[in-house]
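Sequential numbering of the sequence shown, starting at 6, is according to the numbering used here. Structure record follows, encoded as C-alpha cells.
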Amino acid sequence: MLIFVFCFFACDANAGEIVFEKDIVYGKGGDVDLKLDLARPKEGNGPFPAIVFIHGGGWMGGNRDMYDDDIQTAAGKGYVAITITYRLTDPDKTTGKPKHPWPAQIEDAKCAVRWLRANADKYHIDAKHIGATGASAGGHLSLMLGVCDETAGFEGHGGNENQSSRVQAVVNYYGPTELASAHAATKPGTKKAFEGLFGTTPDKAAEAYKAASPVTYLSKDDPPMLTLHGSEDPAVVPEQASLFSRAAMKAGATNIVTFFNGEGHGFKKGYARETAEKQTYEWFDKYLKGEGTKP
Numbered sequence: 006m007l008i009f010v011f012c013f014f015a016c017d018a019n020a021g022e023i024v025f026e027k028d029i030v031y032g033k034g035g036d037v038d039l040k041l042d043l044a045r046p047k048e049g050n051g052p053f054p055a056i057v058f059i060h061g062g063g064w065m066g067g068n069r070d071m072y073d074d075d076i077q078t079a080a081g082k083g084y085v086a087i088t089i090t091y092r093l094t095d096p097d098k099t100t101g102k103p104k105h106p107w108p109a110q111i112e113d114a115k116c117a118v119r120w121l122r123a124n125a126d127k128y129h130i131d132a133k134h135i136g137a138t139g140a141s142a143g144g145h146l147s148l149m150l151g152v153c154d155e156t157a158g159f160e161g162h163g164g165n166e167n168q169s170s171r172v173q174a175v176v177n178y179y180g181p182t183e184l185a186s187a188h189a190a191t192k193p194g195t196k197k198a199f200e201g202l203f204g205t206t207p208d209k210a211a212e213a214y215k216a217a218s219p220v221t222y223l224s225k226d227d228p229p230m231l232t233l234h235g236s237e238d239p240a241v242v243p244e245q246a247s248l249f250s251r252a253a254m255k256a257g258a259t260n261i262v263t264f265f266n267g268e269g270h271g272f273k274k275g276y277a278r279e280t281a282e283k284q285t286y287e288w289f290d291k292y293l294k295g296e297g298t299k300p
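Below is the structure:
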C-alpha cells in the first residue's frame with residue numbers, strides 16, 4: 006500500500022510531501038513474514054539517511070503501528086524511516102516458556118537493517134548512514150543493533166545475509182542495558198517481561214541474560230549512542246542508563262545520557278516529549294547527516 010501524505014501539524018511544521026508505504030515484507034523469522042511500514046521524502050533524489058524505529062512492549066506486546074506517525078515526521082525531516090514488526094516472545098500462560106525466545110527479536114531487527122541496505126537504490130537510501138531508535142524493549146534492541154557486530158551471533162537467516170546489519174547512530178529511550186540487574190530492580194509485574202525472553206529467571210540463566218545485555222558488547226568501535234531516561238522510572242530504573250554510561254566511558258564508546266526529572270517509564274509531560282524529540286533529531290542530524298558522521 007502506497008500513500009502520498011502532505012504533512013502539516015501531524016508530522017512536522019517544516020515538512021514537505023512524503024510517501025508512506027505499509028505492509029512491506031522485509032524478511033522471514035522462521036515461518037513468520039516480517040513486515041515494516043516505510044516513510045520517505047517524495048521530492049529529491051537523495052540518497053537519504055535512514056532510521057529504524059523499534060516499538061516497545063516488553064518484547065511480548067506492542068506493534069509497528071505505534072511509530073507510524075513518527076516515521077512520517079522523520080520523512081518530513083529528510084530521512085527514510087521504517088517501523089518494524091519483530092517476533093514477540095508470546096510466553097505460554099501456564100509454563101512461561103516463550104514461543105519466540107531470544108535472540109529472535111534482535112535477529113529480526115538486524116534483518117530489517119540489512120533489508121534497508123539491500124533496497125538502498127530503490128528507496129534512495131544512504132546505506133552508510135542508518136540509525137536506530139526505540140523505547141523500552143525497543144530501546145534495548147536499538148542499543149543491541151549499535152553494539153553487536155556480526156561476530157555476536159545474532160544475524161539469523163531472515164534474508165539479505167550479504168548485507169551489514171550495523172547502524173551508525175542510536176537513540177535509546179529508557180531501554181534496559183544490563184538485563185539481570187534490570188530484572189532485579191524492576192517492579193514485580195515487569196519481571197515477567199524479562200523472564201519471557203528466556204522462559205526463566207536470571208539465577209537459572211545467567212549467561213543468557215548477559216548475552217542479551219548491551220553493556221556486554223561495548224567497545225570503542227560502537228556508533229554514537231544517546232540515552233533518554235526518566236529519573237523516576239520504576240520499570241527500567243535510571244541506574245540502567247548510568248551503568249551503561251560508565252561502561253561506555255571505560256570502553257571508549259561515545260554515549261550521552263539525558264535524565265528527565267520526575268518522569269517515569271514514558272514521558273508524560275509535554276516539555277519532556279518535546280525536548281526528547283529535539284535531542285533525538287539533533288543526534289541523528291549530527292551523526293547521520295553532519296560532520297560528526299561515522300561511516
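Built from N, CA and C at the ideal position, the CB exists for glycine as well. Note that the coordinates shown come from a computational prediction; the quantities given were computed from them, not determined experimentally.
Contact check, residue i vs residue j, beta carbons under 7 Å
i, j, result
"Ala-132", "Val-57", "no"
"Leu-39", "Gly-32", "yes"
"Thr-303", "Pro-103", "Nothing in the structure corresponds to residue 303, since the chain is present only between 6 and 300."
"Leu-231", "Val-152", "no"
"Phe-199", "Leu-223", "no"
"Gly-136", "Phe-272", "no"
"Val-262", "Ser-250", "yes"
"Pro-96", "Gly-267", "no"
"Gly-1", "Gly-143", "The chain is shown from 6 up to 300; residue 1 falls before or after that span and cannot be answered."
Cβ separation of residue i and residue j, assumed to be a contact under 8 Å, to the nearest whole Å
i, j, result
"Ala-86", "Ala-114", "Between Ala-114 and Ala-86 the Cβ distance is about 15 Å, and since that is not below 8 Å, they are no contact."
"Phe-25", "Gln-77", "6 Å"
"Leu-3", "Tyr-178", "There is simply no residue 3 to check, as the chain begins at 6 and stops at 300 in what is shown."
"Ala-174", "Val-220", "Ala-174 to Val-220, Cβ: 19 Å. No contact."
"Pro-106", "Phe-203", "6 Å"
"Pro-46", "Gly-101", "Pro-46 to Gly-101, Cβ: 45 Å. No contact."
Rounded separation between residue i and residue j - CA only
i, j, result
"Pro-193", "Met-254", "31 Å"
"Glu-22", "Gly-295", "23 Å"
"Pro-228", "Ala-213", "24 Å"
"Gly-257", "Ala-80", "32 Å"
"Lys-196", "Thr-88", "26 Å"
"Met-149", "Ser-218", "8 Å"
"His-129", "Pro-181", "33 Å"
"Pro-52", "Leu-293", "12 Å"
"Ala-277", "Glu-237", "13 Å"
"Val-172", "His-134", "7 Å"
"Asp-126", "Ala-210", "43 Å"
"Thr-191", "Pro-239", "6 Å"
"Gly-269", "Ala-189", "18 Å"
"Thr-206", "Asn-167", "36 Å"
Own chain, CB closer than 7 Å to residue i, minus 5 neighbours either side, in chain order
i, result
"Gly-67", "His-60, Gly-61"
"Cys-16", "Note that Cys-16 scores a pLDDT of 43, beneath 50, so its modelled location is shaky; the value from the coordinates is reported in the next line. Here the set comprises Gln-77, Thr-78, Gly-81."
"Leu-146", "Ile-59, Gln-110, Ile-111, Ala-114, Gly-139"
Contact set for residue i: own chain, Cβ-Cβ below 8 Å, skip 5 residues either direction
i, result
"Ser-302", "The chain is shown only over 6 to 300; residue 302 falls outside these bounds and no answer can be derived."
"Ala-187", "Pro-181, Phe-199, Val-241, Val-242, Gln-245"
"Asn-124", "Ile-130"
"Asn-165", "Gly-32, Cys-116, Arg-119, Trp-120, Arg-122, Ala-123"
"Ala-18", "Note that Ala-18 scores 37 on pLDDT, short of 50, meaning its location in the model is unreliable; the coordinates nonetheless yield the value given after this. Counting only Cβ-Cβ distances below 8 Å, and skipping sequence neighbours, we find nothing."
Per DSSP, cross-strand counterpart(s) of residue i
i, result
"Asp-38", "Lys-33"
"Tyr-178", "Ala-140, Leu-233"
"Thr-263", "Leu-233"
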